[in-house]
Amino acid sequence: MRVYFLIDPYNEPQLSIKLCEHKAMQIFSFVIVITNFLFFCSGFSNFVDTITRSQNISDGTTLASRDGSFELGFFSPGSSTNRYLGIWHKNIPVKTVVWVANRRNPIKDLSGVLMVNGSGNLVLLYQNGSVVWWANSTKEARNPIVQLLDSGNLVLRDEKEENPENCLWQSFDYPSDTLLPGMKLGWDFRTGLERRLSAWKSSDDPSPGDLSFGIEPHNYPDCVMKKGSKNYFRTGPWNGLHWSGSPALKGTQIFNISFVSNKDEVYLIYHPIKKSLISRGVLNQTVNFYQLYIWMENVQTWSGFAPLPRENDCDMYNYCGANGNCVRGEFPVCQCLQGFKPKSNDSSNPESWSQGCLRSTKLSCQDKHRDGFLKVGGLKLPDTMHTWLNTSLNLEQCRAACLSNCACMAYTNSDIRGRGSGCAIWFGDLLDIRKLTHNEQDLYIRMPASELEVINHQKTTVIVIVIAVAAIAVVIGMLLVAYCIRKSRTNFREKMENDVILDQNTEGQTEDLELPLFDLSTVTDATDNFSGNNKLGEGGFGPVFRGTLKDGREIAVKRLARSSGQGLNEFKNEVILIAKLQHRNLVRLLGCCIQGEEKMLIYEYMPNRSMDFFIFDQKRAKVLGWSMRFHIICGIARGLLYLHEDSRLRIIHRDLKASNVLLDSNMNPKISDFGMARICGEDQTEGNTNRVVGTYGYMAPEYAIHGLFSVKSDVFSFGVLLLEILSGKKSRGFFDSSQSLNLIGHAWKLWREGRPLELIDTCLGDDSCPQLPQIIRCVHISLLCVQQHPEDRPNMSSVVTMLSSESSLPEPKEPGFHVGNKSLPVEYSSSSKQQSSSRNEISISLLEGR
Ligand SMILES: *[C@@H]1O[C@H](CO)[C@@H](O)[C@H](O)[C@H]1NC(C)=O
Ligand SMILES: *[C@@H]1O[C@H](CO)[C@@H](O)[C@H](O)[C@H]1NC(C)=O
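The numbering of the sequence shown is my numbering, which starts it at 534 and goes up by one.
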């Protein structure tokens, strides 16, 4: 019988008991646990987290917080040999300093000592007693105690005072370049203390550089980054939900960011929603931005996202001058607000853009009824230096307050939560405005009545023109449709004649049919004679109906339209193919119905429609939290793996996309629509076709350009689909015009900049937070799948393994089609090149259109 009492230097004290032969042993162990528990409660810890008057910290020794997350000691930054007293994360392998005491005054040797001096203050001394740095606590402590808290805060307090809030001094009040969870950024008006971040001069020198970030205590407070004394970037004022100029920050779902403003204090504070997440916000002078970082446990590295500022034009302070509006992606990027004209007439000279704008018509303040307001949405609110704020006024009262003051230029609801409340008013020129499509706050800009009339007139003209154009388009469209219908009828007749010949060639195959044949009357009954109410949608090959069989089973019926142009032969081949495939991630064919002219396929019914129905819709996307999305991703991967490797036939789908992934009642994904699919021989893994069909935005480069398709071109499509599921953005619709990047290019850029999390759909929901490593891993996998060269892309069995393990992944190489949307040759993406497929290719087409 042996008892081990182990103290692991890196963990909580642990008790480990080996071998219990005796029953009494259990009682004994219980006693030990209790003793251990009491030890722990009485402050027992393997880390020294406090020093008192008689103790000190010299170079080489450290103080650690009770839970071991932070450590205080002496360090030398980068390649410097200077010694600084600082605090860093203790529980991660990358040394990350979050606070420095003697930033301006390095110690040149190893003689530094931190101690509490005779007057109860915290001081950093040379060995000879000269002072390097001291904490300027206001009151003297009788029994001073210095403690490093688990939050990373170093506090000096009286021993009797247990509440860390009542400390005499704390390092959180004197931030360096890092904002930790629970740290306040802003002002305490009672003491006049400003907590402001200032960047390190360089990674070798922690002394304050000229980049700093803090809150400007204007009437309507604003968060401002400065270079020296000059404004460099504003976040815009807090509007109750987020910073007016940084709406993206609100949706991260990783942090709770709150903003407090009252007569005593104004500050910003953040906490990660998941407590165990290690995070920090850092101001960095080398890259000139502030960025939030989170520690990625599985890859053992920091991942940064949401840098402020994000862009080096419109985000730069007052880039377009007074009353100007910075519009990214347009030319010129600086425009004037409505009702204003450029100060300089030389619009060709970029220098003149930033000179700002003047009113086209002067305001007539004498007669206040002559002025009105123009409501403008989607702006970053102007600089709040000259503002007035009253949180108890409503919008109507705010308008009246603005009208009654000749200097008032604009007003808004200061808090946009709910229906909006509060009143903020601007005086003088409106500075530092940019266009932001995602900002829901409206700014009401004062305008003379005459100017408002002009603007309203313009609007009416635009509406009239739009209606006229639409009407003409409709007429032309109808004429075209009528023409096409006539044309396709003739074509169909020709095609049918061809099919009959083909049919005779492949007669033997129809005997393979292992599929139940449905009676036409059964299908007619089930779908209520194909009633309009039961129609689920219209594919290119014909309509799809929902139906209920007599036994209660729900079905989806795809009815081959007579004019679809799809031959009977292809139809039969398709039936044979799908009948042979059975996997829980493939849609299941229940049977078919061929009777006279009628040809139909009968599938299991998918109540939750398809992926695109969810991920691209703002409201429905919220239903799909991360765990659900991951479940779907894994399902699609398994379905595709089955097609490529595990089924009786080797099948290349060729048209994998969000709308071809159906969802059953339990949100299990089912790959559907094998209309483009090809069967390859046992050893054959690729084919060649001069009939490139598929969907623009999902096609691999070698397939789109050279018609080469293989399992790897399916992998490419899978990668694109994965990016869509992660980002909630359509590969086809997404185009970042400012940087001319498509979704793949956008993802690749973010990845290389170490900001993969910015790709993520803000709707992933709260459950996404603990899963961040998994999410990043999925971004990584998607980039491996869309690599330019097919041989670099993993096959589906590797993808399935990657998804389910935590093994390390190779770095992705350059993706295909990542620059601009023009790199895909247009002629190949259209179906105009379609020719009837060659004999030895078995083209199996389902009825669903694209
Ligand atoms: C103490 O030592 C430091 C460096 O070792 C030196 O700069 C400082 O002048 C010394 N102070 C006194 C009072 O000797
Ligand atoms: C600032 O960012 C650069 C580039 O990411 C990095 O190399 C450097 O160490 C950072 N500086 C500090 C002081 O953290």
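Note that the Cβ used here is the ideal one computed from N, Cα and C, for glycine as well. These figures come from a predicted structure and were not determined experimentally.
Cβ neighbour criterion (16 or more within 10 Å) applied to residue i
i: T917; result: buried
i: V1008; result: exposed
i: N1062; result: exposed
i: P842; result: buried
i: G761; result: exposed
i: N1024; result: At N1024, the pLDDT of 46 sits below 50, so the modelled position is not reliable; the number obtained from the coordinates is stated separately. Exposed: under 16 other Cβ atoms inside 10 Å.
i: R952; result: exposed
i: F572; result: Residue confidence for F572 is low, a pLDDT of 41 falling below 50, so the modelled location carries little weight and cannot support an answer.
i: K1190; result: buried
i: F864; result: exposed
i: A933; result: exposed
i: H990; result: exposed
Among the options, nearest to residue i - alpha-carbon criterion
i: G837; options: I1277, N821, R813; result: R813
i: F1092; options: D642, C1126, L914, V1332; result: Note on residue identity: the sequence assigns Arg, not Phe, to residue 1092. Selected option, being the one with the closest Cα: C1126.
i: V688; options: A634, F1249, G1261; result: A634
i: G1240; options: R1288, R1187, E1286; result: R1187
i: D683; options: D797, F607, S602; result: S602
i: E1324; options: D1247, I827, S1260, E1291; result: D1247
i: E1347; options: G619, G1278, S1331, R767; result: G1278
i: M1232; options: I1212, L1254, R1211; result: L1254
i: K807; options: N845, P714, P875; result: P714
i: D642; options: N686, W632, G593; result: G593
i: Q974; options: A957, L681, Q1304, T1081; result: A957
i: D710; options: S670, L825, S779; result: L825
i: P1306; options: R1326, N1328, S1340, V1319; result: S1340
i: V909; options: G872, E929, Q930, K1203; result: G872
i: C890; options: V860, N923, C853, H1313; result: C853
i: L1182; options: S1160, L1123, L1114; result: L1114
i: S887; options: L964, F906, T819; result: L964
i: S670; options: A943, R861, S613, S704; result: S704
i: W1159; options: L926, I1309, K796, K1068; result: I1309
i: H804; options: M1161, S1260, I625, K717; result: K717
Near ligand 2: residue i beta-carbon under 7 Å from a heavy atom
i: W733; result: yes
i: N821; result: no
i: S925; result: no
i: V633; result: no
i: V815; result: yes
i: S887; result: no
i: S736; result: yes
Closer than 7 Å: residue i CB and nearest ligand 1 heavy atom
i: Y659; result: yes
i: D642; result: yes
i: S602; result: no
i: S598; result: no
i: S663; result: yes
Alpha-carbon to alpha-carbon, residue j and residue i
i: D904; j: P1345; result: 59 Å
i: S893; j: S877; result: 13 Å
i: V1156; j: P981; result: 47 Å
i: R1026; j: R1171; result: At R1026, the pLDDT of 40 sits below 50, so the modelled position is not reliable and the matter cannot be decided from this model.
i: C1167; j: I811; result: 28 Å
i: F746; j: T629; result: 20 Å
i: I966; j: S1264; result: 31 Å
i: F1249; j: I827; result: 30 Å
i: V679; j: T583; result: 5 Å
i: S954; j: L914; result: 16 Å
i: C1318; j: Y1175; result: 17 Å
i: I978; j: I590; result: 59 Å
i: L801; j: H1322; result: 47 Å
i: F788; j: A839; result: 12 Å
i: D600; j: I620; result: 15 Å
i: W632; j: S1315; result: 37 Å
i: L1256; j: K796; result: 47 Å
i: M1200; j: I1258; result: 14 Å
Contact with chain C by residue i, beta-carbon distance below 8 Å
i: Y1229; result: Given the protein chain composition of this structure (a single chain), no chain C is represented.
**Asked** When the Cβ atoms of the segment 722 to 740 are set against those of the segment 647 to 654, are three or more pairs found closer than 8 Å?
**Response** With contact defined as three or more Cβ pairs closer than 8 Å, the segment 722 to 740 and the segment 647 to 654 are not in contact.
**Asked** On the three-pair Cβ rule with 8 Å, is the segment 1136 to 1144 touching the segment 1190 to 1197?
**Response** yes
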